[in-house]
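Residue numbers (my numbering): 2 to 159.
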């Protein structure tokens, strides 16, 4: 075997060892890398869903609330705090001293109307309704989406 042949053989063996080492490293880390990729895709999908909800559904719910209640409405969709919250601010005229819990009942009615107005209620965890209180400050009422759905299902004849 000539010197050149030995050099080519040594380079071939070295290349094979490098390739085998790279294969082992990639195979060992492949599962972790793939799991991370799945997390990234899931996060991006959730962000895209939230963005689409904000663009279309918020405007639709707002216009339906304004048409139904005859009051100006501000509708936002918040996903930054953890749960996905649909926030409804309505400028409804309520009696100055509502008897009992009229404000709470009206807030629940508004929340039910908003949930019924969208086909994407699966992207909502909480509906927050804010109505003007007796002294002009906003009263805030939070409703879990599961409670609203069970109320809607119970009132639907079937």
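From the three backbone atoms N, C-alpha and C, an ideal C-beta is built for every residue, glycine too.
On a predicted model such as this, the values are computed, not experimentally measured, just so you know.
Is residue i close to the ligand COA? I mean its beta-carbon at under 8 Å from any heavy atom of the ligand.
i	result
residue 70	Here there are no bound small molecules, and the ligand COA is not part of this structure.
I need the DSSP call for residue i, collapsed to helix, strand or coil.
i	result
residue 77	strand
residue 18	helix
residue 125	coil
residue 141	strand
residue 8	helix
residue 148	helix
residue 91	strand
residue 85	coil
According to the neighbour-count rule (16 or more other Cβ atoms, all chains shown, within 10 Å of its Cβ), is residue i buried or exposed?
i	result
residue 116	buried
residue 20	exposed
residue 63	buried
residue 144	buried
residue 23	exposed
residue 8	exposed
residue 41	exposed
residue 18	exposed
residue 127	buried
Taking C-alpha atoms, which residue in the options lies nearest to residue i?
i	options	result
residue 138	93, 147, 113, 128	93
residue 147	105, 109, 81	109
residue 140	149, 90, 125, 118	90
residue 102	15, 134, 33	134
residue 125	85, 112, 13	85
residue 112	83, 32, 65, 10	65
residue 80	25, 61, 107, 44	44
residue 123	3, 5, 87, 13	87
Short of 8 Å in beta carbon distance, which residues of its chain neighbour residue i, apart from the five on each side in sequence? Order them along the chain.
i	result
residue 105	142
Which residues in the same chain as residue i place their Cβ atom closer than 6 Å to its Cβ, once the five residues preceding and following it in sequence are excluded?
i	result
residue 213	Residue 213 lies beyond the residue range present for the chain, which begins at 2 and ends at 159; the question has no answer from this structure.
residue 118	62, 65
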